[in-house]
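Colleague:
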Amino acid sequence: MTALNHSTRRRLQRLPQIPSVWEGDRRPIAVESAARAELAEIGSPQARGGFGECILWVDGSQGFVRSMDMVSPESGPEAIVRTLLRAMEHPHSPAQPARPQKIVVKDREIQFYLRGVLQNLDISIEYVPNLPLIDEIFRGFQDVVRTKPPQVPPQYAEALLKKANDIWQDAPWELLGDHQIIAIEINKWDIDTVYACILGMLGMDYGILLYRSLDSLKRFRQRALANQSIEQLEEVFLAQDCLFLSYEAATYFEEEQLDEDFDLAQLPYSEIKPCFGNLHPLEGLRSFLYEEEALTMWVALEALHRFWRSHRKKLRGESLPALSSRYRIFVPNDGETKPLTLNVKVSTLPEVANELLEIASANNAEDEDYEEDSPILLRDDLVPKNAFLSLGMVPWETIEHLRAGVECYQSGQVTAAGDGLPIVLIQTSQSKAKAIIRELKEAGGLKGIGFNPGEDPFEGIEYDLGILKTENGQLHLFGEFMENDPVHVAARKKWVQRCKKTKGYCGLVIAKGLTGASRGNPKLKDMMALFEVPWLSEKDLGIGRLKLVPKFDYE
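Residues 5 to 559 in our numbering are what the sequence shown spells out, letter by letter.
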């Protein structure tokens, strides 16, 4: 059994003890979209879709919830203790930090486990056959699930799910960013045009937002990019006016089960669950659609699917081309109304895409002005933490293939000498590789690659820091190598020798395929970008030896 460490126990002993009896329990619950918002309202930070178990600690004397968590069924009894410690130290308002005099549970195993863990805290832990307050709360949860309308009207559920599958297979987010808006003219159900915003290029949240007006879209983008508190961002989010389709994992995952590079697209579609809903300034978030909304969603997705099949190849470029098509769409029938056919027009909006980019650029410029006074010299947010990094060489024959067919190519005055071009390889997931490429492009391109000495004076460790310098003068850390590591020393020496043969030129290769057989050995099809740039010496970088300086947060 894992015990509390001494410092935690002393911290808990210093909490005031109140004459209260707390109830605690852990029960399975189906957390579907309809109930998720209700759970979140009473404080569950992990109220996500799927089947999980709910851990609840309530103050039976005062009659309110002190803490609550959703966990996977596989999580151990430690999860109960984690939620209990939060109930003591960081309870939900209006409760204050405290220890109870007594805890009651209706599970003997939980009782014995807590007795072992909570020794020396002067808390009585007893078994009771019933927990009336918790029983009432859980009944309320199940009532929410039972009484909420279905996510989509049953007569259109099959058609909508099939269309969500079509969009997932199309994967429009592989080519279009969230600023490249597509207009879909429907002219039915009091809807003239919806404006489709495609989410997922960064590999985080996949889905389609159907804004009812361009004003709503632009307003949201402007307000969301402003520096605001979490509370303000929540208000901005709820002020949107759109229908949405989002995708999430059908199986419940705890945060610790997801590594930093987790991408929903890695899962088979059988493990993906489409979710539908509505956002409106006066209604807020509603995780279900009414009949006319469901039909609007279906028609828009069908039109987008057809448009994608017609124009996918034309949408592969960096900028959004001006495209427009009309489609005759037969609307799903509920068996009672007359068959309906709509003529739907789908168009790209290049001018809107440019306008949204300008909004983002203006915000970035403000951030850069703010950062001019910042002591931070070297950024470390370009390369994902678990990306594969290596120093190596790419044969000249492969370089020629990359120059002709790679997704992003920045040429340099390279002398083809020796066995190949010395390169730095950054290999990560496809979405994160695209994000790196996009950031380098927005910085004007890559100016050079170099290494600079660094040290951690507190640990007595010296590093060889790999640095990318962009055309806008920003320095990005791509790797920290132990200065006395013989493997790195040998690779760095060979790399410098090759740079001298190419008259001081080297390359940066960005590749996808972080997992599987391609890891560390990407094939030509995995390589997404080649930047040919000068090798920068320590003198060229001109920043001197860097020292790690601790950063303290004062409240």
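Glycine included, every Cβ here is placed at the ideal spot set by N, Cα and C.
1) Out of Ala439, Lys451, Asp126, Val121, point me to the one whose CA is closest to Gly508's CA.
2) Taking all protein chains shown into account, do 16 or more other C-beta atoms lie within 10 angstroms of the C-beta of Asn476, making it buried, or fewer, making it exposed?
3) Taking one C-beta from the segment 319-335 and one from the segment 217-230 each time, how about it: are there three or more such pairs within less than 8 Å?
4) With a CB to CB cut of under 7 Å and the five nearest residues on each side skipped, what residues in its chain are close to Ala41?
5) By alpha-carbon positions, which one of Asn9, Arg15, Leu137, Arg227 ends up nearest to Trp61?
6) Kindly indicate the opening and closing residues of the alpha helix (DSSP H) around Phe116.
7) Grouping DSSP H, G and I as helix and E and B as strand, with all else coil, what is His309?
8) Beta strand (DSSP E) containing Met205: first to last residue?
9) Just to confirm, are Ile190 and Arg216 a CB contact at a threshold of 8 Å?
10) Taking Tyr294 as part of the beta strand (DSSP E), name the residues at either end of that continuous run.
11) Leu268 and Ile186: beta carbons closer than 8 Å?
12) Spell out the partners DSSP gives Gln246 in its beta bridges.
13) Give, in chain order, every unbroken run of the alpha helix (DSSP H) that is at least 4 residues long and sits entirely within the segment 419-496.
14) Tell me, which residues are paired with Phe241 by DSSP?
15) So, for Lys192: in the same chain, excluding its five sequence neighbours on each side, which residues have a beta-carbon less than 7 Å away from its beta-carbon?
16) Between Arg90 and the rest of its own chain, which residues show a CB-CB distance below 6 Å, the 5 nearest in sequence each way excluded?
17) Hey, would you say Lys3 sits closer than 8 Å to Glu130, going by beta carbons?
18) Is any heavy atom in the ligand NAP found nearer than 7 Å to the beta carbon of Asp219?
19) Between which two residues does the alpha helix (DSSP H) holding Pro158 run?
20) Suppose the cutoff is 8 Å on Cβ atoms and the five residues either side in sequence are ignored; what does the same chain contact list for Ser415 look like?
21) Straight-line CA distance for Trp312 to Glu484?
22) Compute the beta-carbon to beta-carbon distance between Ser522 and Asp530, rounded to the nearest angstrom, for a pair I have assumed lies under 8 Å.
23) Tell me the DSSP secondary structure of Glu355 in three-state form.
24) Quick one: Cα of Leu479 to Cα of Lys445, how far?
25) Should Asp385 go down as buried or exposed, given a rule of 16 or more other Cβ atoms within 10 Å for buried?
26) In this structure, how does DSSP classify Leu346 when only helix, strand and coil are distinguished?
27) Does Thr519 come out as helix, strand or coil in the three-state DSSP assignment?
28) Using only the alpha-carbon positions, how far apart do Gln17 and Val121 sit?
29) Please report the Cβ distance between Phe392 and Gly524, rounded to the nearest whole angstrom; I am assuming they are in contact, meaning their Cβ atoms lie under 8 Å.
30) So which of Val108, Ala298, Leu469 has the shortest CA-CA distance to Cys246?
31) Less than 8 Å between the beta carbons of Met532 and Ala437, yes or no?
32) Can you name, in chain order, every residue of its own chain whose Cβ lies under 8 Å from the Cβ of Ser37, other than the five neighbours on each side?
33) I'd like the span of the beta strand (DSSP E) that includes Leu393, first residue to last.
34) Could you pull the DSSP bridge partners for Lys106 from this structure?
35) Are the CB atoms of Leu214 and Ala304 within a distance shorter than 8 Å?
Modeller: Let me spell this out:
1) Residue nearest to Gly508 within the set Ala439, Lys451, Asp126, Val121 is Lys451 (criterion: CA-CA distance).
2) exposed
3) no
4) At Ala41, the pLDDT of 39 sits below 50, so the modelled position is not reliable; the number obtained from the coordinates is stated separately. Cβ neighbours of Ala41 beyond the five flanking positions: Leu289, Ser291.
5) Considering only alpha carbons, the answer is Leu137.
6) 112-121
7) DSSP, reduced to helix, strand and coil, places His309 within a helical segment of the structure shown.
8) Neither: Met205 is in no beta strand (DSSP E) and is coded neither H nor E.
9) Result no, Cβ atoms of Ile190 and Arg216 do not sit closer than 8 Å.
10) Where Tyr294 is concerned, there is no enclosing beta strand (DSSP E), given that its DSSP letter is neither H nor E.
11) no
12) The amino acid occupying residue 246 in the given sequence is Cys; Gln does not appear at that position. BP columns for Cys246 point to Tyr215, Leu283.
13) 434-446
14) Beta-bridge pairing links Phe241 to no other residue.
15) Leu346
16) Ser71
17) Outside the modelled stretch of the chain, which goes from 5 to 559, sits residue 3, for which no answer is possible.
18) Inclusion of the ligand NAP in the displayed structure is not the case, the ligand content being empty and no account of it being possible.
19) 158-174
20) Arg407, Glu536
21) Rounded to the nearest whole angstrom, the C-alpha separation of Trp312 and Glu484 is 43 Å.
22) 5 Å
23) helix
24) 14 Å
25) Classification of Asp385: exposed, given that the 10 Å Cβ count is below 16.
26) strand
27) coil
28) 14 Å
29) So it is a contact: roughly 6 Å between Cβ atoms.
30) Ala298
31) yes
32) Bear in mind that the predicted position of Ser37 carries a pLDDT of just 38, short of 50, making it unreliable; the figure below should be weighed with that in mind. Counting only Cβ-Cβ distances below 8 Å, and skipping sequence neighbours, we find Gly53, Gln155, Cys279, Gly281, Ser291, Phe292.
33) 392-399
34) Val25, Ser128
35) yes
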